[in-house]
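S.K.: Take a look at the following structure, please.
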Amino acid sequence: MTITLSLTDYQELFEEAEQSDEITCQSKDCETIWQYPQKLGQGHNRVIQLSTGIEILIQDYTCYKHLVLTKDTCKVPLEIGFQLSGARQTTSYGCLGAGHSFLFGNLEPKAIVELPASQQLFHITFAIPLQTFITLIPESFKSMPLELKRILEKNENLPYFHSGVTAASMQLALHQILHCPYQGAIKQMYLESKVHELIALKLAQIIETAEALASQAKLSPEDIERIHHAREILIRNFSSPPSLIALARQVGLNDYKLKRGFRQVFGTTVFGYLHAYRMEQARQLLARGDMSVTGVAAAVGYVTRGHFAAAFRKQFGINPSAYLIEH
Numbered sequence: 003m004t005i006t007l008s009l010t011d012y013q014e015l016f017e018e019a020e021q022s023d024e025i026t027c028q029s030k031d032c033e034t035i036w037q038y039p040q041k042l043g044q045g046h047n048r049v050i051q052l053s054t055g056i057e058i059l060i061q062d063y064t065c066y067k068h069l070v071l072t073k074d075t076c077k078v079p080l081e082i083g084f085q086l087s088g089a090r091q092t093t094s095y096g097c098l099g100a101g102h103s104f105l106f107g108n109l110e111p112k113a114i115v116e117l118p119a120s121q122q123l124f125h126i127t128f129a130i131p132l133q134t135f136i137t138l139i140p141e142s143f144k145s146m147p148l149e150l151k152r153i154l155e156k157n158e159n160l161p162y163f164h165s166g167v168t169a170a171s172m173q174l175a176l177h178q179i180l181h182c183p184y185q186g187a188i189k190q191m192y193l194e195s196k197v198h199e200l201i202a203l204k205l206a207q208i209i210e211t212a213e214a215l216a217s218q219a220k221l222s223p224e225d226i227e228r229i230h231h232a233r234e235i236l237i238r239n240f241s242s243p244p245s246l247i248a249l250a251r252q253v254g255l256n257d258y259k260l261k262r263g264f265r266q267v268f269g270t271t272v273f274g275y276l277h278a279y280r281m282e283q284a285r286q287l288l289a290r291g292d293m294s295v296t297g298v299a300a301a302v303g304y305v306t307r308g309h310f311a312a313a314f315r316k317q318f319g320i321n322p323s324a325y326l327i328e329h
């Protein structure tokens, strides 16, 4: 069964649930946590307001039924988002899937957003006022893609969207935000530093992608389709992947073109993508709490627990055994 709501109706459900005491809302140290309305699913939303005006939104929820949201065109802040689990489908930006990061916003186009039933959706978003964004990167305008430069320099009402892989350095900073050990003013300073770090990492990724596109010949639609097919093969066989040469043969490209094109399309190397995907699958399995570290290591393709533990620690900044205990 599918439930269709306007974005306004969706937001009003939260307000109604809070007023009727159906859900609890807790506020402390510029942070607010409220539960997901029981009519729609289970989970929670968490908002942290930073002194710079940046807002951190952490959403972790599961919808009982397939939910379709309709949104009208509107002016919004620039947002940097990280999908940690599950996938949302949008008519404006396509699939926002786990393991990917996004910079989008300014002018939000009219769109339909689909939230699947019975699937954990876990994503972190930074809402950044335009002037705050500009003060953070005044020297970087010349390296930006043209569409983003026009928004930042001229405040033009243009939509913007960039998608890339959530790199290991990004995942480490996200883990540190989710497990911030401080309170009060120190917590604000710590979170601001991590948000700034993630903004810098995302902008570096955008600039690298733009420079690669400018310096390399454009890929044909057929090449792009083959590269997407290569990614699908990696995902299906992530625990026992083919070699680069074997993968290239399967999709009808030579290994050089696959390597170059994969980085151009996804912003990372073939096996950089595979490694990030493996680690994310491992994190989700550990978070479920029904498998041992050794079992998770084997499930994602590691022969020895030690090699897996080292890779996980490098990716997330924590030992898998400690992560298992935390969750």
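Anchor point for the sequence shown: position 223 equals 225 in our numbering, and the numbering is continuous, going up by one each time.
Just so it is clear, CB atoms sit at the ideal spot from N, CA and C, and this is done for glycine as well.
Note that this is a predicted model, so its numbers are computed, not measured.
1) In whole angstroms, what separates the C-alpha of residue 272 from that of residue 150?
2) To the nearest whole angstrom, what separates the beta carbons of residue 185 and residue 11, a pair I think is in contact under 8 angstroms?
3) Can you tell me the Cα-Cα spacing of residue 121 and residue 69, whole angstroms?
4) Are residue 275 and residue 163 closer than 8 angstroms when you measure CB to CB?
5) Let me check understanding here. Comparing Cα to Cα, which of 159, 39, 123 and 190 lies closest to residue 57?
6) Quick one: give me the first and last residue of the alpha helix (DSSP H) that residue 248 is part of.
7) Check residue 303 in the structure and name its three-state DSSP category.
8) Any idea if residue 108 is buried or exposed, counting beta-carbon neighbours within 10 angstroms, 16 or more meaning buried?
9) Using the rule of at least 16 other Cβ atoms within 10 Å of the residue's Cβ for burial, across every protein chain shown, is residue 207 buried or exposed?
10) Whole-angstrom Cβ separation of residue 221 and residue 232, contact assumed at under 8 angstroms?
11) What separation, rounded to the nearest whole angstrom, lies between the Cα atoms of residue 2 and residue 65?
12) Taking buried to mean at least 16 other C-beta atoms within 10 Å of its own C-beta, is residue 279 buried or exposed?
13) Jot down the residue ranges of each uninterrupted beta strand (DSSP E) in the segment 105–150, minimum 3 residues, whole runs only, in chain order.
14) Helix, strand or coil: how does DSSP classify residue 225 here?
15) Could you pull the DSSP bridge partners for residue 62 from this structure?
16) Which class does residue 53 belong to by DSSP, given the choice of helix, strand or coil?
17) Any contact between the segment 14–22 and the segment 34–42? By contact I mean 3 or more CB pairs, one from each, below 8 angstroms.
18) Distance, Cα to Cα, residue 129 vs residue 80?
19) Expressed to the nearest angstrom, what Euclidean distance is found between the alpha-carbon atoms of residue 264 and residue 23?
20) Leaving out five residues on either side along the sequence, give the residues of the same chain with a beta carbon under 8 angstroms from the beta carbon of residue 193.
21) Could you tell me the boundaries of the alpha helix (DSSP H) in which residue 283 lies?
22) May I ask you to list the residues that DSSP assigns as paired with residue 84?
23) Have a look at the DSSP bridge pairing and note the partners of residue 152.
24) Since residue 164 is in the beta strand (DSSP E), which residue starts that stretch and which ends it?
M.R.: Working from what's here:
1) Taking the sequence shown and counting its residues from 1, one reaches residue 272 at position 270. Taking the sequence shown and counting its residues from 1, one reaches residue 150 at position 148. Roughly 27 angstroms between the two C-alpha positions.
2) Counting from 1 along the sequence shown, the entry for residue 185 is found at position 183. Counting from 1 along the sequence shown, the entry for residue 11 is found at position 9. Actually they do not touch by this definition, with Cβ atoms about 36 angstroms apart.
3) Position 119 of the sequence shown, counted from the first residue, corresponds to residue 121. Position 67 of the sequence shown, counted from the first residue, corresponds to residue 69. Using only the alpha carbons, I get a separation of about 11 angstroms.
4) For the purposes of this step, residue 275 is identified with residue 273 of the sequence shown, where counting begins at 1. For the purposes of this step, residue 163 is identified with residue 161 of the sequence shown, where counting begins at 1. In this structure, residue 163 does not lie closer than 8 angstroms to residue 275 by Cβ.
5) Against the sequence shown, residue 57 aligns to sequence position 55. It is 190 whose Cα lies nearest to the Cα of residue 57.
6) Working through the sequence shown from its first residue, we reach residue 248 at position 246. Where residue 248 is concerned, the enclosing alpha helix (DSSP H) stretches over 246–253.
7) By one-based count along the sequence shown, residue 303 stands at place 301. Coil, per DSSP.
8) For the purposes of this step, residue 108 is identified with residue 106 of the sequence shown, where counting begins at 1. Buried.
9) Residue numbering aside, residue 207 sits at position 205 when the sequence shown is read from its first letter. Buried, since its Cβ has 16 or more Cβ neighbours within 10 Å.
10) For the purposes of this step, residue 221 is identified with residue 219 of the sequence shown, where counting begins at 1. For the purposes of this step, residue 232 is identified with residue 230 of the sequence shown, where counting begins at 1. Not quite, the Cβ-Cβ distance comes to about 12 angstroms (not below 8 angstroms), so this is no contact.
11) Absent from the model: residue 2. The displayed extent of the chain is 3 to 329, so no value can be given.
12) As a working note, residue 279 is residue 277 in the sequence shown. With 16 or more other Cβ atoms within 10 Å, it is buried.
13) Secondary structure within the segment 105–150: the beta strand (DSSP E) runs of 3 or more consecutive residues, fully enclosed, are 113–117 and 122–130 (chain order).
14) By one-based count along the sequence shown, residue 225 stands at place 223. If DSSP states are grouped into helix, strand and coil, residue 225 belongs with the helices.
15) Position 60 of the sequence shown, counting from 1, holds the residue named residue 62. Answer is 46 and 124, bridged to residue 62.
16) The residue given as residue 53 occupies position 51 in the sequence shown. Here residue 53 sits in coil by DSSP.
17) Proximity of the segment 14–22 to the segment 34–42 meets the contact definition, three or more beta-carbon pairs being nearer than 8 angstroms.
18) Translated into the one-based positions of the sequence shown, residue 129 becomes position 127. Translated into the one-based positions of the sequence shown, residue 80 becomes position 78. If I take the Cα positions, the gap works out to 6 angstroms.
19) Position 262 of the sequence shown, counted from the first residue, corresponds to residue 264. Position 21 of the sequence shown, counted from the first residue, corresponds to residue 23. C-alpha separation (whole angstroms): 50 angstroms.
20) Taking the sequence shown and counting its residues from 1, one reaches residue 193 at position 191. Cβ neighbours of residue 193 beyond the five flanking positions: 50, 52, 58, 179 and 182.
21) In the sequence shown, the residue the question calls residue 283 occupies position 281. Unbroken alpha helix (DSSP H) run through residue 283: 272–290.
22) Within the sequence shown, numbered from 1, the residue matching residue 84 stands at position 82. The partner list for residue 84 (beta bridge, DSSP) reads 103 and 126.
23) Here residue 152 refers to the residue found at position 150 of the sequence shown. Note: residue 152 sits in no beta bridge, so no partner.
24) For the purposes of this step, residue 164 is taken as the residue at position 162 of the sequence shown. Its beta strand (DSSP E) spans residues 161–167.
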